[in-house]
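J.: Before anything else, here's the structure in question.
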Amino acid sequence: MVFLPTKLWQHIFSFSCTDGGYTGASLSLASKAFRAHSAAYRLQTVRLSSLDSIEKFLYCKSFPFSHSVGLHVRHLTLSLGRDCNLTWTYDPFGVNTYSLVYDAWSTRFFDVMCRLFDVLHDELETMVILKQTDTPLPHLDFSFQFSRLRSLTLVHNGSLFVRADVPGYLRSCISYDRGYGDVCALDDGPGCEEDSTFPVLESLHVIDCTWDEASVSAWAASAPSLTELYLPGATEEVVWAAQDAWSNP
44 MVFLPTKLWQ HIFSFSCTDG GYTGASLSLA SKAFRAHSAA YRLQTVRLSS LDSIEKFLYC
104 KSFPFSHSVG LHVRHLTLSL GRDCNLTWTY DPFGVNTYSL VYDAWSTRFF DVMCRLFDVL
164 HDELETMVIL KQTDTPLPHL DFSFQFSRLR SLTLVHNGSL FVRADVPGYL RSCISYDRGY
224 GDVCALDDGP GCEEDSTFPV LESLHVIDCT WDEASVSAWA ASAPSLTELY LPGATEEVVW
284 AAQDAWSNP
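Under my numbering, the first residue of the sequence shown is numbered 44, with each subsequent residue one higher.
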């Protein structure tokens with residue numbers, strides 16, 4: 044290791060620690076020098092598959108060592124299929140058990156995800172969020188920006204971050220109640236990059252897209268710097284609306 048400059052080792056660690064932490068953990072066991080030089084890149088790519096794993100990750104991220112070394116997460120993948128697969132028992136007497144189960148789950152989901160993004164919103168450069176079921180994800184009502192995020196992959200309409208039923212510039216005045224609320228018009232029009240959720244986002248991929256034209260308006264206000272948009276499954280009207288939304292200044 045002494046025959047190569049430190050800068051080169053940093054590049055090696057940066058490109059090798061891209062598998063969710065396994066390579067970083069292995070490098071830390073090789074030698075004290077490897078452990079010291081690879082520490083900052085150990086968690087740059089993270090994959091989490093449940094709310095429990097997210098809570099464990101947040102516990103680890105809260106240690107002072109994480110802040111002193113600078114364990115920044117640059118690439119995040121959330122595979123939420125298992126946690127979004129809700130089960131309930133049919134009640135023939137009219138009690139909506141699914142609603143009770145969903146309310147309890149969405150409350151926990153909201154809390155865990157807001158805590159996660161409160162920690163990572165200034166660190167992330169790429170993010171992928173996948174789910175395998177039709178369970179709707181609750182909207183996260185937050186005020187922070189993903190100031191570094193340049194690539195985002197989502198499923199369906201992306202309502203986790205952007206309300207798909209109203210334009211983006213109305214989001215701040217909606218009274219949220221598990222994704223629903225009354226809309227009050229603002230005097231100002233769509234926001235600029237300073238108050239958008241994804242000010243530098245360049246690439247957006249919406250898998251199995253269920254957007255409508257209102258979704259296009261909301262996302263155009265939330266991601267004004269977008270240059271690459273992938274909408275498999277979108278209607279022709281949505282494609283044309285997206286071209287108009289991001290081609291106009």
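Note that the Cβ used here is the ideal one computed from N, Cα and C, for glycine as well.
Does the Cβ-Cβ distance between A83 and L114 come in under 8 Å?
T.: Yes, they are a contact pair.
J.: Is the separation between the beta-carbon of L163 and that of I250 shorter than 8 Å?
T.: Their beta carbons are not under 8 Å apart, which means L163 does not touch I250 by this criterion.
J.: To which residues of the same chain is V259 closer than 8 Å at the C-beta, ignoring the five residues directly before and after it?
T.: Closer than 8 Å at Cβ, skipping near neighbours: V281, A284, A285, A288.
J.: Applying the criterion that 16 or more other CB atoms from any shown protein chain within 10 Å of the CB defines a buried residue, is P181 buried or exposed?
T.: So P181 ends up on the buried side.
J.: Rounded to the nearest angstrom, what separates W254 and P275 at their Cα positions?
T.: Distance between the alpha carbons of W254 and P275 is about 10 Å.
J.: If distances are taken between C-alpha atoms only, which option among F106, P242, L203, S96 comes closest to D165?
T.: Residue P242 is the option with its Cα nearest to D165.
J.: Would you grab the beta carbon distance between L247 and K174 for me? Rounded to a whole angstrom, and I think it's under 8 Å.
T.: About 17 Å separates the two Cβ atoms, so there is no contact after all.
J.: According to DSSP, which residues form a beta bridge with H248?
T.: Beta-bridge pairing links H248 to T196, Y273.
J.: So, with DSSP's three-state summary, where would you put R90?
T.: Three-state DSSP puts R90 in a strand.
J.: Which residues in the same chain have their Cβ closer than 7 Å to the Cβ of L159, if we skip the five residues on either side of it in sequence?
T.: Cβ within range, chain order: I97, L101.
J.: Ends of the alpha helix (DSSP H) at V282?
T.: V282 -> alpha helix (DSSP H) spans 279-290.
J.: CB-CB under 6 Å to E256, same chain, minus the five flanking residues each way: which ones, in chain order?
T.: The residues are A284.
J.: Assign Y219 to one of three DSSP states: helix, strand, or coil.
T.: The predicted model places Y219 with a pLDDT of 34, which falls under 50 and marks its position as unreliable; any figure quoted below should be read in that light. Here Y219 sits in coil by DSSP.
J.: Would a C-beta distance cut-off of 8 Å place K94 and M170 closer than the cut-off?
T.: It is worth fixing the name first, because residue 94 is Leu in this sequence and not Lys. The answer is no: Cβ separation not under 8 Å.
J.: When burial is assigned at 16 or more other CB atoms within 10 Å of the CB, is A277 buried or exposed?
T.: Result: buried.
J.: List the whole-angstrom C-beta distance separating L121 from L91, where the pair is believed to meet the contact cut-off of C-beta under 8 Å.
T.: Correct: roughly 6 Å between the Cβ atoms.
J.: The beta strand (DSSP E) spanning V171 covers which residue range?
T.: Counting along the chain, the beta strand (DSSP E) containing V171 begins and ends at 169-173.
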